[in-house]
Structures are given as C-alpha cells and as structure tokens.
Amino acid sequence: DGGITQSPKYLFRKEGQNVTLSCEQNLNHDAMYWYRQDPGQGLRLIYYSQIVNDFQKGDIAEGYSVSREKKESFPLTVTSAQKNPTAFYLCALTGTGGELFFGEGSRLTVL
Amino acid sequence: GQNIDQPTEMTATEGAIVQINCTYQTSGFNGLFWYQQHAGEAPTFLSYNVLDGLEEKGRFSSFLSRSKGYSYLLLKELQMKDSASYLCAVRGDRGSTLGRLYFGRGTQLTVWP
Numbered sequence: 001d002g003g004i005t006q007s008p009k010y011l012f013r014k015e016g017q018n019v020t021l022s023c024e025q026n027l028n029h030d031a032m033y034w035y036r037q038d039p040g041q042g043l044r045l046i047y048y049s050q051i052v053n054d055f056q057k058g059d060i061a062e063g064y065s066v067s068r069e070k071k072e073s074f075p076l077t078v079t080s081a082q083k084n085p086t087a088f089y090l091c092a093l094t095g096t097g098g099e100l101f102f103g104e105g106s107r108l109t110v111l
Numbered sequence: 112g113q114n115i116d117q118p119t120e121m122t123a124t125e126g127a128i129v130q131i132n133c134t135y136q137t138s139g140f141n142g143l144f145w146y147q148q149h150a151g152e153a154p155t156f157l158s159y160n161v162l163d164g165l166e167e168k169g170r171f172s173s174f175l176s177r178s179k180g181y182s183y184l185l186l187k188e189l190q191m192k193d194s195a196s197y198l199c200a201v202r203g204d205r206g207s208t209l210g211r212l213y214f215g216r217g218t219q220l221t222v223w224p
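Chain order of the listed sequences is W and R.
Per our numbering, residue 1 is the first one in the first sequence, and the count goes up by one each step.
Per our numbering, residue 112 is the first one in the second sequence, and the count goes up by one each step.
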C-alpha cells in the first residue's frame with residue numbers, strides 16, 4: 001500500500017518528556033514536510049527536508065528536532081523545550097502539481 | 112508577513128450553492144490551494160489556481176484574481192458530506208520549496224438537511 005504513514009495516531013506525553021513522531025513514505029519523494037495544526041489556527045510549517053541528510057527550519061521550529069537519514073523516513077521529535085506541544089501533527093509530501101498531500105496525522109496530548 | 116483571511120463559519124442547506132472567500136497578502140505569489148478537512152482527519156487537496164480565472168472540477172470550482180489578492184471556492188449541489196472545514200493556502204516566493212504553504216484558519220461549513 002503506497003503513500004505516507006504516520007504513527008502513532010494518538011500519543012500522550014507527560015510534561016518534560018521528549019516524544020518522537022514517525023513519518024514514512026514509499027513514494028520515492030525527495031521532499032518531506034512537518035506541519036502543526038492547532039484548533040482554530042492555520043497549519044504552520046515546523047521543518048522540511050528536500051534531500052537526505054539535509055533539513056531546514058520552518059516558521060515554528062523552536063522546541064522541535066528532525067533527522068533525515070533515509071529517504072523514506074522523516075521523524076519529528078517534540079522536545080521538552082516545546083512549551084505548547086498539544087496539537088495535531090501532519091507529515092506531507094508534494095504531488096505532481098506541487099500540492100501538498102498529507103499523512104493521517106498524529107494527535108499529541110500533553111497531560 | 113503572510114496574511115490569509117477567510118470567514119470562520121458558514122452554513123447552507125442541502126442542494127444549495129455556497130461560496131467561500133479567501134483574501135491574501137503575501138510576499139510573492141506562486142499558487143493558491145484549497146483543501147477540505149473533515150473533523151479529526153487530515154486535509155485533502157481540492158483545487159489549485161496559479162493564473163486568474165475559474166477552475167472547475169465537478170461540483171467544486173475555484174476562482175483566482177491575483178490583482179485583488181482574492182480567491183473563492185464554489186460548492187454546488189451541496190450534500191451533507193460537504194460539512195467540513197475548507198482551508199485556503201498560498202505558496203509564496205517562487206524560489207521557496209514547493210511544499211511551503213501559508214494557510215488560512217479554515218472556514219467551517221455546516222450543511223443542513
């Protein structure tokens with residue numbers, strides 16, 4: 001089954017803990033993106049990677065880290081430095097027309 | 112900065128036509144996108160405009176006026192399943208990565224029977 005796979009779908013974290021969200025793709029795309037969505041807010045870009053072993057900060061990178069060791073994988077770590085981590089996290093690729101298409105998302109709740 | 116405005120909520124009845132407006136002020140313009148997002152799900156792509164005019168795709172159409180910084184999404188023959196949030200997004204500078212989009216806050220559309 002092709003596409004983008006995000007896991008876990010739901011995640012709970014205690015304050016002060018780091019947590020890593022997985023994003024895997026088997027479409028052989030070079031560019032991958034992480035967006036965050038808060039209720040009543042537009043999606044905001046956290047990090048993106050256009051090629052293996054390279055990534056760039058988006059608009060709200062503070063408190064997050066990423067890696068791109070393999071083309072298929074672009075994990076996002078939400079660190080304890082992120083003050084408001086509760087959100088819906090979306091991993092995305094670009095389609096043939098330049099549109100974004102998203103994985104199913106990971107919903108993180110801090111207890 | 113990037114500013115994208117759309118109404119917060121709209122309601123309509125089944126079978127009707129609804130127009131969702133989006134205005135934008137961005138540093139550079141390289142395309143405007145519309146997405147549909149059902150509650151608890153990821154957004155799905157609906158339409159793309161980069162030149163002025165109307166793009167039609169089944170019951171959905173999208174219009175762009177670059178000189179006015181304005182777009183609308185037109186939904187015809189509304190169905191209950193069209194109840195969702197509709198997101199307007201703009202790609203800014205031509206030199207930026209393709210997937211770097213700036214999103215509005217979304218318009219929550221409720222379709223009543």
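Think of the CB as a built atom: it goes at the ideal place given N, C-alpha and C, for glycine as much as any other residue.
What you are looking at is a predicted structure, and each value in this text was computed from that prediction instead of being measured.
Around the beta carbon of Glu99/W, 16 or more other beta carbons sit within 10 angstroms, so the residue counts as buried.
Counting the other Cβ atoms within 10 Å of the Cβ of Gln130/R gives fewer than 16, which makes it exposed. Taking a Cβ-Cβ cut-off of 9 Å, the neighbours of Thr94/W in chain R comprise Thr208, Leu209 and Gly210, given in sequence order. Counting along the chain, the unbroken beta strand (DSSP E) around Glu166/R starts and ends at Gly164 to Lys168.
If you draw a 10 Å sphere on the C-beta of Asn18/W, you find fewer than 16 other C-beta atoms in it, and that means exposed.
Cβ contact annotation for Met121/R (same chain, cutoff 7 Å, sequence separation greater than five): Val129, Ile131, Thr218 and Leu220, in chain order.
As far as DSSP is concerned, Asp204/R takes part in no beta bridge. With distances taken between CA atoms, Pro85/W lies nearest to Leu108/W out of Ser73/W, Leu108/W and Gly103/W. Around the beta carbon of Thr94/W, 16 or more other beta carbons lie within 10 angstroms, which makes this residue buried. In this structure, Glu188/R is the residue among Gln117/R, Arg211/R, Glu188/R and Tyr213/R with its C-alpha nearest to the C-alpha of Pro224/R.
If you look at Gln37/W, you'll find it in the beta strand (DSSP E) that goes Met32 to Gln37.
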